[in-house]
Each structure stands twice: as C-alpha cells, then as structure tokens.
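Notes for the one structure printed next.
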Amino acid sequence: MPNANDRVCTCCKNEIKRTEKELQCSSCKSHVRTKCVNISDSYLPVFEMKHVKFHCDGCLEIFENFDNALVNVDRHFVKSAVEIAAICESNKQLISEVNEMKQLLNNFGKDSVAVGPEFAKEMDIIKKELKVSFADVVKGEFKNEIKSVNTEVMNVSRKLDEKSERKKRENNILVFGLKEQGTIIEEKNVVLKICKELSCDLIENTNDFKISRLGIKGESPRPMLVAVRNNNTKTAIMKNLFKIKSFDSDLNKIIIRHDLTPQQRLSLKKMIDKAKEKQANDHTGFLCRVRGELGEWRIVKFKKMELT
C-alpha cells in the first residue's frame, strides 16, 4: 500500500515503484509512468535536454484550450476586418450618391423659391439631414465588433481561470463542525487522527497535510481546509466517509466535503434545486437526490424506505 510520501502516477492513480521510469510535468509538477504515456526508454534522454520540457495530459489540455481560444479570437478579428472593409466601401458609394443628390437639390433649390416658401423650407431641412456623415454608422459597427471580440476573450479567460482554480483545489477537503483546539499542533493532531483512519494509513504523520481555518473566529467552529499531498490520498478519504459515524462522540458529527470553486458550488446548487423540484412533483413515493463524482453530478431516484 502506498504512503503519502510516495509518488503517484496521475494517469493510473497508482504508486510509482522505484524500479519504474517516470517523468515530471514541468507545469504542475505531477509524476507519470513513462509506460502510461507511451514514451519508450530511448526517448528519455531527449527530456534531459535544456530546452525540452514534458507536460502532462491535464496541462496539455489547458494549453490546447488556450490555443483554440486564440484561434477563435483571431477569426473574430479577421471577420471584423472584412466587415469593416465592406462597410467602408459601402460608405464611399453612399457618400458619392449623397453628393450627387445634394448637387441636384442645390440646383433644384435655386428654383424652389418660385414654387413657394414652405417648399423651399422643406428642401433646406432635407439638405441639412443629408449632410450628416456616415462615419457614425461605421464607428458604431466597429464598436459592436470590438465588443463581441472582447466578450469572447473574457469568456475564454474565465474558463481558463476556472480550470486553474479547480487544479489548485483538487487535493483539498473541507471539514465542518470540528471543534477548534488551542494550538495549531493540537489542531493537526486531531486532523491526523481523522485522516489517518479515513485514508487507510496513506497519511502517517502531520507532515503529510496542511491545515488552515477559514473565516473569523467566533462561537461556532470555523470550517477547516485540509490540503493533502495527492489525489490518491484524497480519493481514499472521500470513499471512507461512512467511517465517521464510528468515531468518538466529539468527532462523529463532523462533515467532510470537496473544496469546490464558486462555479462548481453554483452548478451543484442548481442541481440540488432541480432535484428538490422533481421530488416535489413526484407522488410515487420516490426520493430524488444528487449523486456522482466531483463535477459529474446527476439526479438519481430511489424508493423511500418505510420504518416499521
């Protein structure tokens, strides 16, 4: 059984043995077996070269998303440039036509007084309106295109920020209802007791995790953020949460949750609200609950158990 100090392959989630070849990602510093990423031993010297770096699949996906975003932005700029060029060409034609019309009106205006003062006044109004520049039209179209490109750039930036934030939180857990201790050492000893049991001894000492309390100290115990060393350890903890009920009375009421990003919390809340709505409209005796792995939630229905 691997311990928290061992390196874990991010592809297969298993311990990397000392005899196995491995590579470390230059971006997120995670480790992978070379056989899990289909890299033969003959290529390993290449990654020892000064300017050659290895990136894991997760980081490559982030880079690919960023490249695709840049392509989309470039397409918008090209589209905008083409449309602006067409508008400018149309503007030239319109200006030419307007100038011809103005000339005709000027010639016609010389004789308009003979028709009557009211008609001459109307002709003056028309000529003033035709003097309005079409530059405002072009300016408005250009602003709309720039706004569209900026919106897409912001959307892509938000997606990349969200992906990065999820990566930062992937090895974290939140502990609710844990009584606050006097010192940080006492706090870590209590967390060690909890995590050692839930991780099946993947966590062996207080150096295997970091802790911090969230919020301002008050009467109620603040949530505790616990950062473990790898996702393998966190997965073991989350799979054994049922063991909390067998803890001592001072610990069997704690609640452990994933450390979600604001976007993940919003998505989960919407899913829970939808489940409540489904259950409210269901009169067949079934319960609706949200279940599933992190970020892969779904609504499931199961028969309500009747106590006898």
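Each residue of the sequence shown is one higher than the one before, starting from 779 at the first, in the working numbering.
Yeah, the Cβ is synthetic: ideal placement off N, Cα and C, and Gly gets one too.
Every value quoted in this text rests on a predicted model; they were computed, and no experiment measured them.
Status (buried if at least 16 other CB within 10 Å, exposed otherwise) for residue i
| i | result |
| --- | --- |
| residue 986 | buried |
| residue 1076 | exposed |
| residue 990 | exposed |
| residue 995 | exposed |
| residue 992 | exposed |
| residue 891 | Note on residue 891: pLDDT 47, under 50, position unreliable in the model; the coordinate value appears next. Exposed. |
Straight-line gap, residue i to residue j (C-alpha atoms, nearest Å)
| i | j | result |
| --- | --- | --- |
| residue 871 | residue 922 | 22 Å |
| residue 1110 | residue 1056 | Because the chain here runs from 779 to 1086, residue 1110 falls outside it and cannot be looked at. |
| residue 1092 | residue 1015 | Beyond the ends of the chain as shown, which are 779 and 1086, falls residue 1092; an answer cannot be given. |
| residue 1079 | residue 1061 | 12 Å |
| residue 971 | residue 820 | 45 Å |
| residue 1045 | residue 938 | 17 Å |
| residue 788 | residue 1024 | 32 Å |
| residue 1026 | residue 927 | 58 Å |
| residue 1013 | residue 925 | 43 Å |
| residue 1043 | residue 801 | 34 Å |
| residue 988 | residue 1063 | 45 Å |
| residue 1058 | residue 1070 | 21 Å |
| residue 792 | residue 957 | 34 Å |
| residue 826 | residue 816 | 17 Å |
Other residues of its chain near residue i: CB distance less than 8 Å, five sequence neighbours each side excluded
| i | result |
| --- | --- |
| residue 790 | 811 and 814 |
| residue 1074 | none |
| residue 1037 | 947, 950, 951, 952 and 1003 |
| residue 1054 | 1066 |
Nearest to residue i (by Cα), restricted to the options the options
| i | options | result |
| --- | --- | --- |
| residue 1019 | 974, 992 and 1038 | 974 |
| residue 837 | 800, 944 and 932 | 944 |
| residue 840 | 935, 828, 809 and 825 | 935 |
| residue 1017 | 1081, 951, 942 and 992 | 951 |
| residue 999 | 1021, 1028 and 988 | 1028 |
| residue 1052 | 1021, 938 and 1067 | 1067 |
| residue 1081 | 1065, 1072, 1074 and 1070 | 1065 |
| residue 962 | 1004, 997 and 793 | 1004 |
| residue 797 | 785, 803, 1038 and 808 | 785 |
| residue 1021 | 833, 827, 977 and 826 | 977 |
| residue 954 | 947, 1034 and 1023 | 1034 |
| residue 1040 | 1006, 1071, 941 and 1063 | 941 |
Residue i and residue j closer than 8 Å at C-beta
| i | j | result |
| --- | --- | --- |
| residue 949 | residue 1030 | no |
| residue 1010 | residue 984 | no |
| residue 808 | residue 834 | yes |
| residue 804 | residue 828 | no |
| residue 981 | residue 1006 | yes |
| residue 822 | residue 799 | yes |
Beta carbon proximity, residue i to chain B, threshold 8 Å
| i | result |
| --- | --- |
| residue 786 | Of the chains in the structure shown, none is chain B; there is only one protein chain. |
Residues near residue i in its chain [Cβ-Cβ closer than 7 Å; skip 5 each side]
| i | result |
| --- | --- |
| residue 959 | 965 and 968 |
| residue 932 | none |
| residue 1072 | 1036 |
Residues of its chain near residue i, where Cβ-Cβ distance is below 6 Å and the 5 sequence neighbours each way are ignored
| i | result |
| --- | --- |
| residue 1049 | 1068 and 1075 |
| residue 824 | 830 |
| residue 1001 | 952, 954 and 992 |
Distance cut-off 7 Å: residue i Cβ against heavy atoms of the ligand MN
| i | result |
| --- | --- |
| residue 987 | The ligand MN is not part of the structure shown, which contains no ligands of any sort. |
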